[in-house]
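Note that the numbering used here has the sequence shown beginning at 461, numbered continuously upward.
Heads up, the thing below is written out as structure tokens.
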Amino acid sequence: DTAGTRGLGSSRVMIEAFGQSKTTREFKRSLSALVRSVLYFSAVRTAAQMELEVLRLKVLSGTRFAPEVLLGEVMLEAKAIFQHEQHALIGEWFPILRPGSASAQGYLRASIVVAPPRSAISAAATSSEPAER
461 DTAGTRGLGS SRVMIEAFGQ SKTTREFKRS LSALVRSVLY FSAVRTAAQM ELEVLRLKVL
521 SGTRFAPEVL LGEVMLEAKA IFQHEQHALI GEWFPILRPG SASAQGYLRA SIVVAPPRSA
581 ISAAATSSEP AER
């Protein structure tokens, strides 16, 4: 049992996409943080390359005195996002899975949009409060 899994550490979300890695800010002493961050990734890919891309959203927790631990992750294939209207998943809930485990460790709500260059991203996608359905 680590401090991070008891809610005593700082949690953050790391997103790996298109060969890049970005993180949200840290949330102190919380396992149930509300993350309102917009992270942009820019990459040039062909349609075939884009369909092979996998997005990884990792939920991490740690303390000043202990290394971060992976609480779980969400893996999404870019081609699954393309199947949705406007190539977007808005305010969707995803189960957070620990590697090697089939049961959810928790849930992560996120909005993910794949947009072509120089296109506008809808206000709904960047809203800090996605509408409930």
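Note that the Cβ used here is the ideal one computed from N, Cα and C, for glycine as well.
Using only CA atoms, which one of S497, S471, F501 lies nearest to Q480?
F501
Local Cβ density within 10 Å of R472, reported as buried at 16 or more and exposed below that
buried
Would a C-beta distance cut-off of 8 Å place E513 and R524 closer than the cut-off?
no
Coil, strand or helix - Q565 by DSSP:
strand
Can you check the segment 509-580 for any alpha helix (DSSP H) of at least 4 residues that lies completely inside it and give the ranges in chain order?
538-542
Just to confirm the assignment, what range does the beta strand (DSSP E) spanning S471 have?
470-477
Cβ-based burial, K482 [other Cβ within 10 Å; buried from 16]
exposed
According to DSSP, which residues form a beta bridge with S481?
E476
Using a threshold of 8 Å, state whether the C-beta atoms of P555 and Y567 are closer than that.
yes
Using only the alpha-carbon positions, how far apart do P576 and E476 sit?
19 Å
Less than 8 Å between the CB atoms is what I'm expecting for Q565 and G532, so what's the real figure, rounded?
4 Å
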